[in-house]
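Chain order of the listed sequences is A and B.
Under our numbering, think of the first position of the first sequence as 1, with each following residue one higher.
Under our numbering, think of the first position of the second sequence as 1, with each following residue one higher.
2 protein chains.
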Amino acid sequence: MQNLFLSRPKRNLPLKPARVTANDVAEELGVSRSTVSRAFTPDAFVHRETREKVLKAAKRLGYQPNAIAQALTGRVGRIVGIIMGDLQNPFHATIHSAVTAALQARNLTPITAQTDPGSATINNAVETFRRYQVDVVLLTSMQVESDMIGACKRAGLRPVLLNRADPGLSVSSVNADLAAGARMAGRHLAERHCRNVVVLEGPEGLWTTENRSRGHHEGLLSAGLSPVACLRAGYTYADGQRAADTVFGSGMTVDGILASNDLAAIGFLDRARTAFDKIAPRDFALVGFDDIPMAAWDGYDLTTVRLPVLRMGDRVAELAGRIVDRELDSAEQTLVPCTLVKRGSA
Amino acid sequence: MQNLFLSRPKRNLPLKPARVTANDVAEELGVSRSTVSRAFTPDAFVHRETREKVLKAAKRLGYQPNAIAQALTGRVGRIVGIIMGDLQNPFHATIHSAVTAALQARNLTPITAQTDPGSATINNAVETFRRYQVDVVLLTSMQVESDMIGACKRAGLRPVLLNRADPGLSVSSVNADLAAGARMAGRHLAERHCRNVVVLEGPEGLWTTENRSRGHHEGLLSAGLSPVACLRAGYTYADGQRAADTVFGSGMTVDGILASNDLAAIGFLDRARTAFDKIAPRDFALVGFDDIPMAAWDGYDLTTVRLPVLRMGDRVAELAGRIVDRELDSAEQTLVPCTLVKRGSA
DNA sequence: TAAATTATTGCACGCGCGTGCAATCATAAC
DNA sequence: GTTATGATTGCACGCGCGTGCAATAATTTA
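Next up, the structure:
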């Protein structure tokens with residue numbers, strides 16, 4: 001367990017910068033504090049004039065309801081926990097951005113925790129969340145990690161999954177229809193007359209990996225093809241490089257690549273060009289996945305599968321809001337479609 | 001002003017999932033709640049055995065002090081606000097990661113706000129922070145935006161700046177010695193026998209821009225060179241592309257580029273290669289700035305200036321902690337050195 | 001004009017916790 | 001055995017706020 005102890009000011013400095021409270025506003029106006037409180041509560045019974053008067057005075061004095069105190073009075077707080085993926089992956093950065101913005105728009109406040117690879121930091125994060133009385137946790141990382149979902153549920157938190165699904169479907173999740181997207185990618189290669197396609201797969205055991213991979217196979221199959229090889233590559237740049245080494249080092253005939261994601265695709269392209277002098281689309285066609293910003297760079301011009309990131313972020317925030325408001329008890333699964341972005345690599 | 005109103009559960013569902021409180025632990029053990037509280041306070045007077053007993057029971061019952069309630073009792077909360085830069089810039093993503101991790105290590109909890117370009121969202125963010133009684137705000141974005149520092153101070157928040165300095169030095173800040181780093185870059189080009197160097201600058205008026213640019217000039221000057229041109233480019237990939245258009249479209253003789261940052265450098269490289277068939281280091285040398293992950297990619301192999309991101313993140317978190325603990329009243333300026341990472345582009 | 005109804009407001013309690021103060025207890029000194 | 005001295009512990013208050021309930025004022029009805 002981490003240090004739960006609070007630090008304390010060393011000297012006798014003011015414990016807290018004086019802030020304006022509802023009392024100050026009440027005194028200023030000669031009304032009771034309850035009235036001030038009610039003025040800030042949408043469907044409370046207050047004379048309309050009174051409310052306006054209060055809100056005006058509040059603004060003048062710089063008063064804002066203390067969210068901490070509000071959270072204490074029994075209603076649930078509007079803080080939402082996020083366990084975010086590795087931001088080094090640009091796709092995760094995009095997702096994180098979208099989710100944060102969407103939460104903000106719904107007046108939810110995100111507190112984030114990172115789970116350093118390894119170590120039992122999932123539990124640290126969960127403990128922090130519990131101490132802040134959050135009860136919704138957004139899991140936006142697709143990394144394997146240990147049993148995060150279980151850890152959350154055990155701690156009484158309501159997880160919402162992004163880019164991953166709970167096997168038992170007992171947890172709400174928002175996912176892109178990766179399999180469908182991958183099928184489009186596979187068919188696209190077939191249409192481009194590829195005959196010898198290699199599929200690069202992500203790490204085993206991930207929901208996202210299985211869907212991408214399955215879709216890739218199905219897409220090829222639907223055109224009467226079957227991959228000449230499947231490489232368990234991974235989702236990093238280096239993974240893509242290694243895959244290129246394997247593919248072109250083995251001397252096999254390859255005219256198409258279905259990459260696990262853009263990062264690996266780019267690693268593949270770079271290594272293929274610099275080490276084997278093979279470039280797309282001249283020597284092979286390649287379709288990536290995720291549509292990260294780099295995919296559009298001149299040097300890559302990657303044909304790829306785009307996920308509707310904004311819509312997904314918004315949907316996640318919506319679910320979080322409904323849970324916070326106690327309007328959602330069950331689990332809802334959301335699937336949104338991907339689109340194929342045709343560029344020059346295929 | 002944004003919606004301050006709280007939502008309320010529609011039906012009569014339990015307002016709050018029942019959680020274990022200090023009372024539960026106290027009853028379980030037949031001691032007073034004060035004792036439980038003291039057991040969790042480091043230098044409170046409690047019998048050592050009692051404390052251990054309490055902590056054990058707490059663990060067994062799954063009790064953890066309610067941080068919300070703690071924050072309410074007068075001591076300052078341990079929530080720190082972050083206004084983060086655009087995560088699409090991989091450098092910002094790295095910074096954000098480092099800061100978050102460092103805060104976490106110091107038992108501080110970050111709540112993040114984004115400032116959508118345009119609109120008055122800075123004030124939204126500030127208001128949210130005030131409602132959560134945070135009094136430290138980390139400004140980690142170098143974007144121009146309106147007067148964030150002023151907005152924070154006016155609201156009674158203590159800003160801590162990362163990658164930017166307050167003109168009056170009245171605010172603590174953590175910065176890399178960009179000027180020194182840029183000088184190294186400039187000298188490096190000189191050593192590589194470049195004679196016609198173009199400097200790409202960021203947007204005007206940013207602290208970071210001025211320092212990079214000044215260092216670039218000084219570095220060249222110290223070797224007896226002066227730039228053949230200065231382009232007010234920017235910090236995005238597209239900015240780099242445009243710069244390449246300008247440079248190679250104008251037909252001027254150029255054998256060295258000092259880029260404002262890696263993203264622009266990469267945009268420059270890509271456009272130079274695809275549109276003008278110029279590649280580094282064959283046709284010109286180039287030094288970037290930031291050392292983002294993509295700088296190490298095979299396709300770029302960028303010589304660049306690296307910022308000690310981890311150390312900076314840690315330092316920022318330290319400052320935040322000291323402010324929270326009321327140990328830091330004044331403003332402290334921190335400057336950490338950059339290093340030149342020599343790769344293939346120069 | 002008096003009574004019934006309704007719109008508005010104030011009072012008081014509790015959310016979970018930290019902490020000053022007084023009460024209790026164990027221990028040491030007389 | 002009695003008193004002085006610390007060492008522990010319990011009590012009670014307040015942090016800022018929401019809300020049920022009672023009290024009051026405004027309005028309508030008889």
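Even for Gly, the Cβ is constructed at its ideal location relative to N, Cα and C.
Can you pull the chain B neighbours of Thr140(A), defined as C-beta to C-beta under 8 angstroms? Here residue 140(A) corresponds to residue number 140 of the first sequence, with the count starting at 1. Going along chain B, no residue has its Cβ under 8 angstroms from Thr140(A), so there is no contact; the nearest lies around 13 angstroms.
Examine chain A for any beta-carbon lying closer than 8 angstroms to the beta-carbon of Asp147(B), and answer yes or no. Looking up residue 147(B) in the second sequence gives position 147. No - not a single Cβ of chain A is within 8 angstroms of the one on Asp147(B).
In whole angstroms, what separates the C-alpha of Ala58(A) from that of Met84(B)? Residue mapping note: residue 58(A) aligns to position 58 of the first sequence, counting from 1. Residue mapping note: residue 84(B) aligns to position 84 of the second sequence, counting from 1. The straight-line gap from Cα to Cα measures roughly 29 angstroms.
From Gly267(A) to Pro90(B), what distance separates their C-alpha atoms? For this step, residue 267(A) is matched to residue 267 along the first sequence. For this step, residue 90(B) is matched to residue 90 along the second sequence. C-alpha separation (whole angstroms): 17 angstroms.
Check this for me: beta carbons of Ala102(B) and Asp325(B), under 8 angstroms apart or not? In the second sequence, the residue the question calls residue 102(B) occupies position 102. In the second sequence, the residue the question calls residue 325(B) occupies position 325. No, Cβ-Cβ distance for Ala102(B) and Asp325(B) is not below 8 angstroms.
Would you report the Cα separation of Val309(A) and Ile95(A), rounded to the nearest angstrom? Taking the first sequence and counting its residues from 1, the one referred to as residue 309(A) is at position 309. Taking the first sequence and counting its residues from 1, the one referred to as residue 95(A) is at position 95. One C-alpha to the other measures close to 6 angstroms.
For His216(B), which residues in the same chain have their Cβ closer than 6 angstroms to its Cβ, ignoring the five residues on either side in sequence? Within the second sequence, the letter at position 216 stands for residue 216(B). Excluding positions up to five away in sequence, the list reads Ala182, Gly186, Val199, Leu258.
Would the beta-carbon of Leu55(A) fall within 8 angstroms of that of Ala39(A)? As a first step, residue 55(A) must be located in the first sequence, where it is residue number 55. As a first step, residue 39(A) must be located in the first sequence, where it is residue number 39. Pairing Leu55(A) with Ala39(A) gives a Cβ-Cβ distance under 8 angstroms.
Quick check on Ile367(A): does DSSP put it in helix, strand or coil? Residue numbering for chain A in the displayed model covers 1 to 346; residue 367(A) lies beyond these limits and cannot be assessed.
Which complete beta strand (DSSP E) runs does the segment 140-210 of chain A hold, if anything under 3 residues is left out? 158-162, 172-176, 197-201
For the segment 318-343 of chain B, list the beta strand (DSSP E) runs that are entirely contained and at least 3 residues long, ordered along the chain. 333-336, 339-341
C-beta atoms of Val126(A) and Ala93(A) nearer than 8 angstroms: The residue labelled residue 126(A) in the question sits at position 126 within the first sequence. The residue labelled residue 93(A) in the question sits at position 93 within the first sequence. Not a contact, by the Cβ cut-off of 8 angstroms.
Fully enclosed by the segment 59-85 of chain A, which alpha helix (DSSP H) runs are 4 residues long or longer? 67-72
Along the segment 281-299 of chain A, where does the CB come closer than 7 angstroms to a CB of chain B? Name the residues. Pro293, Met294, Trp297, Asp298, Gly299
Work out the CA separation of Val46(B) and Pro167(A) for me, nearest whole Å. For the purposes of this step, residue 167(A) is taken as residue 167 along the first sequence, with counting starting at 1. For the purposes of this step, residue 46(B) is taken as residue 46 along the second sequence, with counting starting at 1. Taking the straight line joining both Cα atoms gives about 47 angstroms.
Determine, using beta carbons only, whether Ser211(A) and Leu263(A) come nearer to each other than 8 angstroms. Counted from its first residue, the first sequence places residue 211(A) at position 211. Counted from its first residue, the first sequence places residue 263(A) at position 263. A small correction: the amino acid at residue 211(A) is Asn; Ser does not occupy that position in the sequence shown. No, these two residues do not count as a Cβ contact at 8 angstroms.
Measuring only the C-alpha atoms, how far is Val341(A) from Ala296(A)? Stepping through the first sequence from its first residue, residue 341(A) is reached at position 341. Stepping through the first sequence from its first residue, residue 296(A) is reached at position 296. Roughly 10 angstroms between the two C-alpha positions.
Give the straight-line distance between the Cα atoms of Asp291(A) and Ile79(A), rounded to the nearest whole angstrom. Numbered from its first residue, the first sequence carries residue 291(A) at position 291. Numbered from its first residue, the first sequence carries residue 79(A) at position 79. Rounded to whole angstroms, Asp291(A) to Ile79(A) spans 30 angstroms at the Cα level.
If you measure between the beta carbons of Ala82(A) and Thr121(A), is that distance less than 8 angstroms? As a position in the first sequence, residue 82(A) is number 82, starting the count at 1. As a position in the first sequence, residue 121(A) is number 121, starting the count at 1. Per the sequence presented here, residue 82(A) reads as Ile, with Ala not at that position. No, the pair does not count as a contact, with Cβ atoms beyond the cut-off.
Buried or exposed: Thr73(A), going by 16 or more other Cβ atoms within 10 Å of its Cβ? Position 73 of the first sequence, counting from 1, holds the residue named residue 73(A). Thr73(A) comes out exposed.
In chain A, which residues lie with their C-beta within 7 angstroms of the C-beta of Tyr237(B)? Working through the second sequence from its first residue, we reach residue 237(B) at position 237. Ordered by position in chain A, the residues that pass the 7 angstroms Cβ test against Tyr237(B) are Trp297.
Arg195(A) and Ala346(A) closer than 8 angstroms at C-beta: Taking the first sequence and counting its residues from 1, one reaches residue 195(A) at position 195. Taking the first sequence and counting its residues from 1, one reaches residue 346(A) at position 346. Result no, Cβ atoms of Arg195(A) and Ala346(A) do not sit closer than 8 angstroms.
To the nearest angstrom, how far is it from the Cα of Ala71(A) to the Cα of Ile68(B)? Mapped onto the first sequence, residue 71(A) falls at position 71. Mapped onto the second sequence, residue 68(B) falls at position 68. Looking at the two C-alpha atoms, the distance is approximately 7 angstroms.
What are the residues in the segment 253-264 of chain B lying within 9 angstroms of chain A by C-beta distance? None of the residues of the segment 253-264 of chain B has a beta carbon lying less than 9 angstroms from any beta carbon of chain A.
Show which residues of chain A have a CB atom less than 7 angstroms away from the CB atom of Glu52(B). Numbered from its first residue, the second sequence carries residue 52(B) at position 52. The contacting residues do not exist; Glu52(B) stays about 14 angstroms from chain A at best.
Whose C-beta lies closer than 6 angstroms to the C-beta of Glu218(B) among residues of the same chain, with five residues either side of it excluded? For this step, residue 218(B) is matched to residue 218 along the second sequence. Cβ neighbours of Glu218(B) beyond the five flanking positions: Arg183.
Taking the beta carbon of Pro159(B) as the centre, do at least 16 other beta carbons fall within 10 Å, making it buried, or is it exposed? Stepping through the second sequence from its first residue, residue 159(B) is reached at position 159. Pro159(B) is buried by the Cβ-count criterion.
Below 8 angstroms between beta carbons: does that hold for Ala382(B) and Leu231(B)? Residue numbering for chain B in the displayed model covers 1 to 346; residue 382(B) lies beyond these limits and cannot be assessed.
Is the CB of Asp270(B) under 8 angstroms away from at least one CB in chain A? Locating residue 270(B) in the second sequence gives position 270, where the first residue counts as 1. It does: the Cβ of Asp270(B) has a partner Cβ on chain A nearer than 8 angstroms.
Can you give the Cα-Cα distance for Thr236(A) and Ser250(B), rounded to whole angstroms? Translated into the one-based positions of the first sequence, residue 236(A) becomes position 236. Translated into the one-based positions of the second sequence, residue 250(B) becomes position 250. Looking at the two C-alpha atoms, the distance is approximately 39 angstroms.
Might you give, ordered along the chain, the residues of its own chain that have their beta carbon closer than 6 angstroms to the beta carbon of Ser213(B), omitting 5 neighbours on each side? In the second sequence, counting from the first residue as 1, residue 213(B) sits at position 213. Correct list, in chain order: Glu201.
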